[in-house]
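These notes concern the structure reproduced below.
Number of protein chains: 4
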Amino acid sequence: MLEELKEKVFKANLDLVKHHLVLFTWGNVSGIDREKGLVVIKPSGVNYDTMKASDMVVVDLATGKVVEGDLNPSSDTPTHLVLYRHFPEIGGIVHTHSTYATAWAQAGKDIPNIGTTHADYFHDAIPCTADMTKDQMDEYEYNTGIVILNRFKKDHINYVHTPGVLVKNHGPFTWGKDPDEAVYHAVVGEQVAKMAFISFSVNPNTTMNPLLIEKHFSRKHGPHAYYGQKKK
Amino acid sequence: MLEELKEKVFKANLDLVKHHLVLFTWGNVSGIDREKGLVVIKPSGVNYDTMKASDMVVVDLATGKVVEGDLNPSSDTPTHLVLYRHFPEIGGIVHTHSTYATAWAQAGKDIPNIGTTHADYFHDAIPCTADMTKDQMDEYEYNTGIVILNRFKKDHINYVHTPGVLVKNHGPFTWGKDPDEAVYHAVVGEQVAKMAFISFSVNPNTTMNPLLIEKHFSRKHGPHAYYGQKKK
Amino acid sequence: MLEELKEKVFKANLDLVKHHLVLFTWGNVSGIDREKGLVVIKPSGVNYDTMKASDMVVVDLATGKVVEGDLNPSSDTPTHLVLYRHFPEIGGIVHTHSTYATAWAQAGKDIPNIGTTHADYFHDAIPCTADMTKDQMDEYEYNTGIVILNRFKKDHINYVHTPGVLVKNHGPFTWGKDPDEAVYHAVVGEQVAKMAFISFSVNPNTTMNPLLIEKHFSRKHGPHAYYGQKKK
Amino acid sequence: MLEELKEKVFKANLDLVKHHLVLFTWGNVSGIDREKGLVVIKPSGVNYDTMKASDMVVVDLATGKVVEGDLNPSSDTPTHLVLYRHFPEIGGIVHTHSTYATAWAQAGKDIPNIGTTHADYFHDAIPCTADMTKDQMDEYEYNTGIVILNRFKKDHINYVHTPGVLVKNHGPFTWGKDPDEAVYHAVVGEQVAKMAFISFSVNPNTTMNPLLIEKHFSRKHGPHAYYGQKKK
Numbered sequence: 001m002l003e004e005l006k007e008k009v010f011k012a013n014l015d016l017v018k019h020h021l022v023l024f025t026w027g028n029v030s031g032i033d034r035e036k037g038l039v040v041i042k043p044s045g046v047n048y049d050t051m052k053a054s055d056m057v058v059v060d061l062a063t064g065k066v067v068e069g070d071l072n073p074s075s076d077t078p079t080h081l082v083l084y085r086h087f088p089e090i091g092g093i094v095h096t097h098s099t100y101a102t103a104w105a106q107a108g109k110d111i112p113n114i115g116t117t118h119a120d121y122f123h124d125a126i127p128c129t130a131d132m133t134k135d136q137m138d139e140y141e142y143n144t145g146i147v148i149l150n151r152f153k154k155d156h157i158n159y160v161h162t163p164g165v166l167v168k169n170h171g172p173f174t175w176g177k178d179p180d181e182a183v184y185h186a187v188v189g190e191q192v193a194k195m196a197f198i199s200f201s202v203n204p205n206t207t208m209n210p211l212l213i214e215k216h217f218s219r220k221h222g223p224h225a226y227y228g229q230k231k232k
Numbered sequence: 001m002l003e004e005l006k007e008k009v010f011k012a013n014l015d016l017v018k019h020h021l022v023l024f025t026w027g028n029v030s031g032i033d034r035e036k037g038l039v040v041i042k043p044s045g046v047n048y049d050t051m052k053a054s055d056m057v058v059v060d061l062a063t064g065k066v067v068e069g070d071l072n073p074s075s076d077t078p079t080h081l082v083l084y085r086h087f088p089e090i091g092g093i094v095h096t097h098s099t100y101a102t103a104w105a106q107a108g109k110d111i112p113n114i115g116t117t118h119a120d121y122f123h124d125a126i127p128c129t130a131d132m133t134k135d136q137m138d139e140y141e142y143n144t145g146i147v148i149l150n151r152f153k154k155d156h157i158n159y160v161h162t163p164g165v166l167v168k169n170h171g172p173f174t175w176g177k178d179p180d181e182a183v184y185h186a187v188v189g190e191q192v193a194k195m196a197f198i199s200f201s202v203n204p205n206t207t208m209n210p211l212l213i214e215k216h217f218s219r220k221h222g223p224h225a226y227y228g229q230k231k232k
Numbered sequence: 001m002l003e004e005l006k007e008k009v010f011k012a013n014l015d016l017v018k019h020h021l022v023l024f025t026w027g028n029v030s031g032i033d034r035e036k037g038l039v040v041i042k043p044s045g046v047n048y049d050t051m052k053a054s055d056m057v058v059v060d061l062a063t064g065k066v067v068e069g070d071l072n073p074s075s076d077t078p079t080h081l082v083l084y085r086h087f088p089e090i091g092g093i094v095h096t097h098s099t100y101a102t103a104w105a106q107a108g109k110d111i112p113n114i115g116t117t118h119a120d121y122f123h124d125a126i127p128c129t130a131d132m133t134k135d136q137m138d139e140y141e142y143n144t145g146i147v148i149l150n151r152f153k154k155d156h157i158n159y160v161h162t163p164g165v166l167v168k169n170h171g172p173f174t175w176g177k178d179p180d181e182a183v184y185h186a187v188v189g190e191q192v193a194k195m196a197f198i199s200f201s202v203n204p205n206t207t208m209n210p211l212l213i214e215k216h217f218s219r220k221h222g223p224h225a226y227y228g229q230k231k232k
Numbered sequence: 001m002l003e004e005l006k007e008k009v010f011k012a013n014l015d016l017v018k019h020h021l022v023l024f025t026w027g028n029v030s031g032i033d034r035e036k037g038l039v040v041i042k043p044s045g046v047n048y049d050t051m052k053a054s055d056m057v058v059v060d061l062a063t064g065k066v067v068e069g070d071l072n073p074s075s076d077t078p079t080h081l082v083l084y085r086h087f088p089e090i091g092g093i094v095h096t097h098s099t100y101a102t103a104w105a106q107a108g109k110d111i112p113n114i115g116t117t118h119a120d121y122f123h124d125a126i127p128c129t130a131d132m133t134k135d136q137m138d139e140y141e142y143n144t145g146i147v148i149l150n151r152f153k154k155d156h157i158n159y160v161h162t163p164g165v166l167v168k169n170h171g172p173f174t175w176g177k178d179p180d181e182a183v184y185h186a187v188v189g190e191q192v193a194k195m196a197f198i199s200f201s202v203n204p205n206t207t208m209n210p211l212l213i214e215k216h217f218s219r220k221h222g223p224h225a226y227y228g229q230k231k232k
């Protein structure tokens, strides 16, 4: 069942290790089959060294119930499901505790868009969520999804153009059209977080011209994109 | 004698190298056999490249005397023994000079709990000990254990829930139910120290909602833990 | 056509990866054949793992038109061409988003010359360009070259003695007598940017004696150079 | 001639690469045969990948003349000779541009002794030299040695107990009883510089109890040393 998607999600999980975004088991990637309404996700707390594609867990998008798999799905599964339900254009989600992005999340700060590396992939600042209320603690992982949605709604952030978020005091979630693109955005987010840390140490008041943001974003996105090779 | 524990302690010492926590010979792991009242520890100043499991030294918990082994035990052995005597639930101890945790120890500051990565493994701030008095310098390594105990007593810190400490101007000690868990906590402590350094550079006033600390700690600890796979 | 130069440019592009200056496809090297008036440059957005020497694109210096090659040239090609046209002594150009140099570019600050490592290769501060105007956004890559030229003109900076620049909010360009030297200067620039970040964190007011700059620069450059082995 | 020492110096130079202390050719190690009054040193600007033990250059301690070798000795040779002449107990010297130690040199600041890692190998702060005068620029490398001596004299620093220095705006020199120990001290100095950078970022006012410095230094040095295994 969903063997191809399982293989994709499995490999995307290993890419997190390759890109030095995870320590131990601290990260997870999922992918979705929109037609079947099923999500494939990494099992919880399983070692990357011994993990197999067949260990991936299949979960129902609507109910959150495990449809296939002997292992518990990632404890962050309810967060992934909320995002898939409300962000209809995304096909893959990544969560890590990568060093620099997590440090910004711990700082409780948006990562401002101060460079073209950022603008090439994230149109706006990478937003940081608000504190959770006491009530939200009860269904913690579900409400992690809710505080993400709330932040995007409040500031009218386009989730396709800014494909990532920092959950306050926790760490980053990124997404994309498929699991690979979600991993790509996780790598970019970590690099952008590292460079912004250095930039603000050198110049606490630095900013970027908004015109340059538009220019760089549109080099890679939209009808006038001209970066890379033309798709055949 | 204690061949299995020696092998475990030996491998845990090599794991420090694998996780980039030691330069040269600057680190040591020990393990305890509570029934026999014997501690197995790395020899002092021996190269990790040539070290063998049979080089591990066996020391009596009560007297501190070497019971087996041709080499001197780690010069930090008296510190390990104090901790084993007063922290009855621990089975393994690690000491390193890992970069970021040592830097916080040199700064003389507790590492505040500002993120879920921290809260998943350390309930409270990772505490930093007080300065030693002149008298305490005489039995330096023994008294290193005493200043650790004093800090946990003074602030009513639960050593099982917060399995590590910074010895002021020196470096971290961590512990766990066995040598492997002590190493795991050493790796987490180093990562937490690195991220906190970055977070406070970005936002010197950042804090974490105490509710979130309780939530994350209890996801992995206690009767309602739900992270990972169920133990069979 | 230009097989030797293609091979050189190809290898220089791989050297960026070897020196950890690029993530994904974020970097490009070009080289020029001054006699023929042709520039060889990396194709746009092509993976370094699968790239071949024959993928290099040949572009006409005067017109910017592709003369040979099936792929699109780097989107930064117009910037390279402006530099080749106005800096007649250079034979190779590198652009990267390397972490520390890019962070200084994002900070909008020149990297001051505060050490002999810097002075050995860059006589002056590594300059940062001004913000682009709205009009300059239209031909963005061409005008990236123009803002570089403007900064060197305004401050009478010798482009041979200071073979690199930071494009504000974007990243570094470096050059040299051939593609290899341009890569060498990219590596030096990144290291100099990293050390300057640390130095200014330790001492925000540090400076270097101008006499020492002259001394070190002239050890490696000009008629009285005495570093290294005599060329035969 | 001096084949054994050449081999030692050659290997010590490669150890600089292994410990990530050098980029390109930016480092050198020398060793001395005190009986013969001859110094063996790395050639200037030669690639570490192709360098052979037989490329090491033999220089006369008294005159500085090359006694054997086809290549130019390191341009820093006059600095090494001054140190060998005035520090009679040293047998090996290292110079690098290692990242963190060089950054402190660029900051023009001593590295304060704030941790036991530092105190284990360097009794005092790692001192930074004064600016050179205009006259001293003429015989630059010779006078680099002189400003080092001046700093040790002015503050009555024991060069055996504090086996290293930062040359202002340049980088570290370390030494030891032989080339290997000089390399060891270069590695320690770099690690100590990195940790101090982090510590002062976390707490700009941190200090260490002088009693602890004495305690740790004497654990590894002098008649009452008890770290490591007894020498047979």
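Residue numbers (full-length UniProt numbering), protein chains in the order written: chain A, 1 to 232; chain B, 1 to 232; chain C, 1 to 232; chain D, 1 to 232.
Glycine included, every Cβ here is placed at the ideal spot set by N, Cα and C.
Review point. When we look at the beta-carbon of K232 of chain C and count the other beta-carbons within 10 Å, is it buried (16 or more) or exposed?
Key: With a pLDDT of only 45 at K232 of chain C, under 50, the local geometry of the prediction cannot be trusted, and the value read off the model is given with reservation. Exposed.
Review point. Taking Cβ positions only, does L81 of chain C come closer than 8 Å to chain A?
Key: no
**Study point:** Proximity winner among B:S199, B:I126 and B:L212, relative to G171 of chain B (alpha-carbon distances)
**Key:** It is B:I126 whose Cα lies nearest to the Cα of G171 of chain B.
Check your understanding: Among the residues of its own chain, which have a CB less than 8 Å from the CB of G64 of chain B, if the five just before and after it don't count?
Key -> T77, P78 and L81
Check your understanding: Which residue from A:T102, A:F152 and A:T206 puts its Cα closest to that of K168 of chain A?
Key -> When A:T102, A:F152 and A:T206 are compared, the shortest CA-CA separation from K168 of chain A is found for A:T102.
Check your understanding: Cα-Cα, which of C:I111, C:P112 and C:I90 is closest to V39 of chain C?
Key -> C:I90
Exercise for review: State yes or no: is the beta carbon of V67 of chain A nearer than 8 Å to at least one beta carbon in chain B?
Suggested key: no
Review point. DSSP beta-bridge partners for E68 of chain A?
Key: DSSP output for E68 of chain A lists A:V58 as bridge partner(s).
Review point. Under 8 Å between the Cβ atoms of A193 of chain D and Y100 of chain D?
Key: With contacts defined by Cβ atoms closer than 8 Å, A193 of chain D and Y100 of chain D form a contacting pair.
Check your understanding: What residues in its chain sit with their C-beta under 6 Å from that of S44 of chain C, if we drop five residues either side in the sequence?
Key -> N72, S74 and S75
Check your understanding: Does any CB atom of chain C fall closer than 8 Å to the CB of I146 of chain D?
Key -> False, the Cβ-Cβ gap to chain C never drops below 8 Å.
Practice item. Flag this pair as yes or no: are the beta carbons of W26 of chain A and I93 of chain A separated by less than 8 Å? Key: no
Review point. For T117 of chain C, which of helix, strand or coil comes out of DSSP?
Key: T117 of chain C falls in the helix class under three-state DSSP.
Practice item. Compute the Euclidean distance between the alpha carbons of T129 of chain A and K153 of chain A, then round it to the nearest angstrom. Key: 11 Å
Point to revise | K18 of chain D, DSSP secondary structure in three states | key: Taken through DSSP and simplified to helix, strand or coil, K18 of chain D comes out as helix.
**Study point:** DSSP three-state assignment for K232 of chain C, whether helix, strand or coil
**Key:** Only weak support exists for where K232 of chain C lies, its pLDDT of 45 falling under 50; the value from the coordinates is given anyway. If DSSP states are grouped into helix, strand and coil, K232 of chain C belongs with coil.
Review point. CA-CA distance, V66 of chain A and N203 of chain D?
Key: For V66 of chain A and N203 of chain D, the distance between alpha carbons rounds to 49 Å.
Check your understanding: Out of curiosity, what's the CA-to-CA distance linking E3 of chain B and Y159 of chain B?
Key -> So the two alpha carbons sit approximately 28 Å from each other.
Exercise for review: Establish whether the CB of H30 of chain A and some CB of chain B are separated by less than 8 Å.
Suggested key: As written in the sequence, residue 30 of chain A is Ser, which differs from the His given in the question. Taking Cβ atoms only, chain B never reaches closer than 8 Å to S30 of chain A, which makes this a no.
Point to revise | CA-to-CA distance, H161 of chain C to E35 of chain D, given in whole angstroms | key: 45 Å
Practice item. Check L83 of chain C in the structure and name its three-state DSSP category. Key: helix
Check your understanding: Opposite D33 of chain B in the DSSP bridges: which residues?
Key -> B:L38
Point to revise | Rounded straight-line distance, which links the Cα of H216 of chain B to that of E141 of chain C | key: In a straight line, the C-alpha of E141 of chain C is about 48 Å away from that of H216 of chain B.
Review point. Smallest Cα separation from A186 of chain A: which of A:E7, A:F10, A:V22 and A:M1?
Key: A:V22
Check your understanding: Does the beta carbon of R151 of chain D come closer than 8 Å to any beta carbon on chain B?
Key -> The beta-carbon of R151 of chain D is placed no less than 8 Å from the nearest beta-carbon of chain B.
Review point. Beta-carbon separation of Q229 of chain A and V46 of chain C under 8 Å?
Key: yes
Practice item. With a cut-off of 8 Å on the beta carbons, I'd call I213 of chain B and H123 of chain B a contact; round off their distance for me. Key: 7 Å
Review point. Would the beta-carbon of M1 of chain C fall within 8 Å of that of T117 of chain C?
Key: no
Point to revise | V188 of chain C, enclosing alpha helix (DSSP H) - first and last residue | key: P179 to V202
**Study point:** Residues within the stretch 198-215 of chain B neighbouring chain D, beta-carbon criterion of under 8 Å
**Key:** When C-beta distances to chain D are compared with 8 Å, the residues of the stretch 198-215 of chain B below that value are F200 and S201, in chain order.
Check your understanding: Using a Cβ-Cβ cut-off of 6 Å (strictly less than) and excluding sequence neighbours within five positions of F200 of chain B, which residues of its own chain qualify?
Key -> none
Point to revise | Three-state secondary structure assigned by DSSP to F152 of chain C | key: helix
Check your understanding: Excluding five sequence neighbours on each side, which residues of the same chain lie with their C-beta closer than 6 Å to the C-beta of H19 of chain D?
Key -> V187
Review point. Whose Cβ in chain C lies nearer than 7 Å to the Cβ of T162 of chain A?
Key: Ordered by position in chain C, no residue passes the 7 Å Cβ test against T162 of chain A, which lies about 18 Å from the chain.
Practice item. For V187 of chain C, return the contacting residues in chain D, with the cut-off set at a CB-CB distance below 8 Å. Key: L23 and F24
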